[in-house]
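Position 219 (the sequence shown) corresponds to 219 in the UniProt record's numbering; numbering is contiguous. Below: the structure, in structure tokens.
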Amino acid sequence: MADDEAYWMRVRQAYTIDANHVNLNSGSVSPAPRVVAEAMQRYWTLTNMSPSLYVDTLLYPEVEHVRRRLASVLQCDPETLALTRNTSESLQIAQMGLPLQRGDEIVSTTQDYPRMITAWRQRERRDGVVLKLVRYPVPPSGHDDLYERVMAAVTPRTKVIHICHITYTTGQIFPVRRICDEARRRGIFTIVDGGHSFAHFPFTIADLGCDVYGSSLHKWLCAPVGNGLLYVRKEVITRLWPLLAADPSQDGDIRKFESIGTYPISLRVAVSDAVTFHEEIGGERKAARLRYLRDRWMDGVAALPGVELLTPRDPAQSCAIGAMRLKSLGAQALTDQLQQRWGIHVRPRFVADEFECIRVTPNVFTALHEIDLFVEAIRALAKG
1 MADDEAYWMR VRQAYTIDAN HVNLNSGSVS PAPRVVAEAM QRYWTLTNMS PSLYVDTLLY
61 PEVEHVRRRL ASVLQCDPET LALTRNTSES LQIAQMGLPL QRGDEIVSTT QDYPRMITAW
121 RQRERRDGVV LKLVRYPVPP SGHDDLYERV MAAVTPRTKV IHICHITYTT GQIFPVRRIC
181 DEARRRGIFT IVDGGHSFAH FPFTIADLGC DVYGSSLHKW LCAPVGNGLL YVRKEVITRL
241 WPLLAADPSQ DGDIRKFESI GTYPISLRVA VSDAVTFHEE IGGERKAARL RYLRDRWMDG
301 VAALPGVELL TPRDPAQSCA IGAMRLKSLG AQALTDQLQQ RWGIHVRPRF VADEFECIRV
361 TPNVFTALHE IDLFVEAIRA LAKG
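This is the structure we're talking about:
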């Protein structure tokens, strides 16, 4: 099904696409399919008719349905899943809520999301903990290399390992289960940044083995912006303080992490419609299509002079996200050229003192002619 263009054109037609430019940046925010946008509008209209009555009696009860739908995708207990606004909120609940002492060490990487690194830096300033960032080459030699680099940074003072499931830079999938299993054996708390993995390719919470997992739903699930999820292993819910105060009666309740005050519930309830759309395509079929599109552009540019691919092709190490650089142009200049000359939208990525690249991220609505236009553009730029 990955190359059934008639099927994928029908999927594309389920979205409202601006055909005047090529969107290859689903890694930041994806558009919602029309059925999700219409559901969001429908729930908002209902909310606006009588906010106090309809939110309390009609929409708040639907939040539990959303929780169950998301838990079914991850195959986890709904009572371990909190509904948040994005990955950053989800992960900072754990980063700021986990009791740590001066001198305790956190191991992460230089390619983890900057906001999450900033959160740990704040705890360094506030609490005297120590953040250790691991470097690794792009692409790495394999999962063994990534595992060994992370575990080499662990000392008897390490209390947390914080890693990406798949990186925001090059789309590198980490050996999460192997790292988390060893961390559990050593009594180390594990936080997994899944901002780019949920609904991107199939996996379950059991496949990860982590204490905490957070993700955004506006990327690969194509849900309304302003939705995220947080998984917390049931045994450690009581260990984490919520970001915003919750009643002591909720100490062991996953909902304590949702005590944020008033929020636009119409956005949250529409998540169920996004889950339905995702499940209609199917996780395996979706991942196969995404890898097919990724491989198509990589095959088209790999042999060009000055082109370097930074993402491995191994399905265990990557999916839709691919990164490349062109020796003759910096990442920002390359991004600008693609936008200005061909109307192609990609995202530049920079890791200080290490590398820069462009991140190319197609989605289920991406057409082959758009991938081919990107290849033509890189060919033209590579020729100078």
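Every residue, glycine too, gets a C-beta built ideally from N, C-alpha and C.
A distance below 7 angstroms between beta-carbons, with the five flanking residues on each side excluded, links Ile281 to the following residues of its chain, in chain order: Val11, Val364.
His200 carries a coil assignment under DSSP once its states are collapsed to helix, strand and coil.
Annotated three-state conformation of Cys210 is coil, per DSSP. Taking one beta carbon from each stretch, the region 105-125 and the region 155-172 have 3 or more pairs nearer than 8 angstroms; the two touch. Counting every other CB atom within 10 Å of its CB across the protein chains shown gives Met1 a total below 16, marking it as exposed. In chain order, Ser272 place their CB closer than 7 angstroms to the CB of His65, counting only its own chain and leaving out the 5 sequence neighbours on each side. Taking a cut-off of 8 angstroms on C-beta distances, the region 230-239 touches the region 198-215, as three or more cross pairs fall below it. If only complete runs of 4 or more residues are kept, the region 31-93 shows the alpha helix (DSSP H) at 34-49, 51-54, 60-74, in order along the chain.
Contact check for Gly97 against Trp241 passes: the beta carbons are separated by less than 8 angstroms. Here Cys357 is bridged, per DSSP, to Arg349. With three or more CB-CB distances shorter than 8 angstroms, the region 114-122 counts as touching the region 91-105. In the three-state reduction of the DSSP assignment, Ile17 falls in the coil class. Rounded to whole angstroms, the separation of the alpha carbons of Val269 and Ile254 is 18 angstroms.
Here the alpha carbon of Leu243 sits roughly 34 angstroms from the alpha carbon of Ile358. Within the model, the alpha-carbon separation for Cys319 versus Asp127 is close to 38 angstroms. In this structure, DSSP gives Asp193 an extended state, which the three-state scheme calls strand. Note that the C-beta distance between Phe350 and Ala331 is below 8 angstroms.
By the Cβ-count criterion, Ile163 is buried, with 16 or more other Cβ atoms from all chains shown falling within 10 Å of its own Cβ. Cys222 places its beta carbon less than 8 angstroms from that of Val36.
In this structure, Val150 is the residue among Thr84, Leu381, Val150, Arg184 with its C-alpha nearest to the C-alpha of Tyr136.
Contact between Ala302 and Leu309 holds, with the beta-carbon distance rounding to 6 angstroms and staying under 8 angstroms. In this chain, the beta strand (DSSP E) harbouring Arg325 covers 322-326. Around the beta carbon of Lys256, 16 or more other beta carbons lie within 10 angstroms, which makes this residue buried. Going by C-alpha positions, Leu131 is about 47 angstroms away from Asp4. Distance from the Cα of Leu74 is smallest, within the candidate group Trp297, Leu100, Thr204, for Thr204. Look at Val225 here: in three-state DSSP terms it is coil, with no helix or strand label. Taking a 10 Å sphere around the C-beta of Glu258, we find 16 or more other C-beta atoms and assign the residue as buried. Just measuring C-alpha positions, the residue of Arg289, Ile161, Leu208 sitting nearest Arg186 is Ile161. Excluding five sequence positions before and after Tyr60, the CB atoms of its chain that fall closer than 8 angstroms to its own CB belong to Ile265, given in chain order. Distance from Leu267 to Met40 at the Cβ level is roughly 6 angstroms; contact confirmed, criterion being Cβ atoms closer than 8 angstroms. In the assembly as shown, Leu81 is a buried residue. Its beta-carbon has 16 or more other beta-carbons within 10 Å.
The distance from the Cβ of Leu146 to that of Phe174 is about 6 angstroms, consistent with a contact at the 8 angstroms cut-off.
For Val225, the closest of Asn86, Val107, Ile191 by C-alpha to C-alpha distance is Asn86. Beta-bridge pairing by DSSP links Cys180 to no other residue. Remark: C-beta atoms of Gln337 and His345 do not approach each other more closely than 8 angstroms. Between Leu381 and Leu329, the gap from beta carbon to beta carbon is short of 8 angstroms.
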